[in-house]
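Participant: Residue numbers for the sequence shown follow the numbering used here, so the first one is 81 and each next one is one higher.
Heads up, the beta-carbon is just placed ideally off N, CA and C, and yes, glycines get one too.
Here you go, one structure.
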Amino acid sequence: MVHFVGAGSGAADLITVRGARILGRADVVIYAGSLVNPELLSYTKPGCEIYNSAQMTLEQVIDTIKKAEADGKTTVRLHTGDSSIYGAVREQFDALEKEGIEYDVCPGVSSFCGAAASLKTEYTLPDVSQTVIITRGAGRTPVPEKESIRALASHQATMILFLSTSLTEKLQKELMDGGYPPDTPVAVIYKATWPDEKIFRCTVETLHNTVTENGLTKTSLIIVGNCMGNEYMRSLLYHPDFTTEFREAKK
């Protein structure tokens with residue numbers, strides 16, 4: 081059996097209870113060494129075989145899993161954050177199904193959730209933004225034209241950019257060309273929830289300078305939107321004049 085486990089946003093104790101239990105039972109662990117906190121490997125049992133997928137191809141990962149299956153061993157494929165977001169898991173699922181190997185998925189806490197916690201920010205504020213766009217800039221991996229930063233920026237929703245810290249000069253222009261005002265708040269979070277986390281606040285028009293001046297090249301999230309501003313409408317859910325299923329509005 082193969083278990084795909086989300087490692088969480090960075091801090092070793094932000095893996096789920098289920099994920100930690102599965103990790104503790106594994107005979108073989110293949111972890112994304114370029115991103116997963118190595119402290120998580122302390123949850124493994126003595127004698128567990130550890131492989132760093134940063135040094136492996138897809139074919140090598142699958143071959144390692146096939147060997148473990150032939151030996152009757154349980155494998156954990158440990159992915160950063162939640163594996164459903166930029167996890168490159170679909171190709172692994174398809175390869176395992178082709179081999180007739182059973183697998184399941186344990187969700188994890190994505191770094192965009194960890195970033196919100198670190199920023200003490202709510203991404204969806206009434207009358208500001210009720211939509212969160214999770215995307216990336218077009219670099220070595222292309223992005224469909226209809227999902228360009230410029231096109232998505234027209235919504236002026238909360239935007240969370242993965243894997244884009246090295247693209248900020250172009251990114252900054254596309255954000256403004258698409259519709260974000262230059263003074264729209266931005267936060268760049270380096271290694272969200274890790275012990276060495278750093279937070280840099282700026283605006284769309286100062287994004288590139290902020291990133292370059294602080295030497296940020298990878299392992300950073302970029303959050304764009306007025307959800308980090310000071311103007312918003314109070315939630316009706318807890319308003320005394322609003323009737324809900326559980327209480328009557330104040331007369």
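Measuring CA to CA, which of 328, 151 and 283 is closest to residue 305?
Facilitator: 283
Participant: Assess, as a yes-or-no matter, whether the segment 143-153 is touched by the segment 101-109 under the definition of 3 or more beta carbon pairs within less than 8 Å.
Facilitator: yes
Participant: Return the bridge partner residues of residue 265 from the DSSP annotation.
Facilitator: 283
Participant: What residues match up with residue 86 in a beta bridge as DSSP calls it?
Facilitator: 159
Participant: Could you pull out every residue in the same chain whose Cβ sits closer than 6 Å to the Cβ of residue 155, ignoring the five residues on either side in sequence?
Facilitator: 82, 108, 145 and 148
Participant: For residue 258, which option in 98, 116, 273 and 239 has the closest C-alpha, if you only look at C-alpha atoms?
Facilitator: Checking every option, the nearest Cα to that of residue 258 belongs to 239.
Participant: Does the beta-carbon of residue 292 have 16 or more other beta-carbons within 10 angstroms, so that it is buried, or is it exposed?
Facilitator: exposed
Participant: Would you identify the three-state DSSP class for residue 294, choosing helix, strand or coil?
Facilitator: For residue 294, the three-state secondary structure derived from DSSP is coil.
Participant: Taking 8 Å as the cut-off, decide whether the C-beta atoms of residue 33 and residue 223 are in contact.
Facilitator: One cannot answer for residue 33 here, as it falls past the ends of the chain, which runs 81 to 331.
Participant: Which same chain residues end up closer than 7 Å to residue 167 when comparing Cβ atoms and leaving out the 5 residues on each side of it in sequence?
Facilitator: 159
Participant: Would you call the segment 295-304 and the segment 232-247 in contact, with 3 or more CB pairs under 8 Å?
Facilitator: These segments touch.
Participant: Between 251, 100 and 201, which lies nearest to residue 157 when the distance is taken from Cα to Cα?
Facilitator: The shortest C-alpha separation from residue 157 is found at 100.
Participant: Quick check: the Cα distance between residue 309 and residue 194, rounded to an integer number of angstroms?
Facilitator: 19 Å
Participant: What does the Cβ neighbour count give for residue 97, buried or exposed, with the cut at 16 atoms within 10 Å?
Facilitator: Label assigned to residue 97: exposed.
Participant: Quick one: Cα of residue 216 to Cα of residue 229, how far?
Facilitator: 8 Å
Participant: For a test of the three-state rule: what should DSSP assign to residue 313, helix, strand or coil?
Facilitator: coil
Participant: Need the endpoints of the beta strand (DSSP E) that residue 96 sits in, please.
Facilitator: Run containing residue 96: none; DSSP gives neither H nor E here.
Participant: Taking the continuous alpha helix (DSSP H) assigned at residue 257, which residues delimit it?
Facilitator: 248-258
Participant: Cutting at 7 Å between CB atoms, please list the residues of its own chain near residue 272, excluding the five before and the five after it.
Facilitator: 89, 90, 191, 194, 195, 198 and 301
Participant: Please report the distance separating the alpha-carbon of residue 214 from that of residue 241.
Facilitator: 6 Å
Participant: Less than 6 Å between C-beta atoms, sequence neighbours within five positions excluded: which residues of the same chain meet that for residue 92?
Facilitator: 117, 119 and 120
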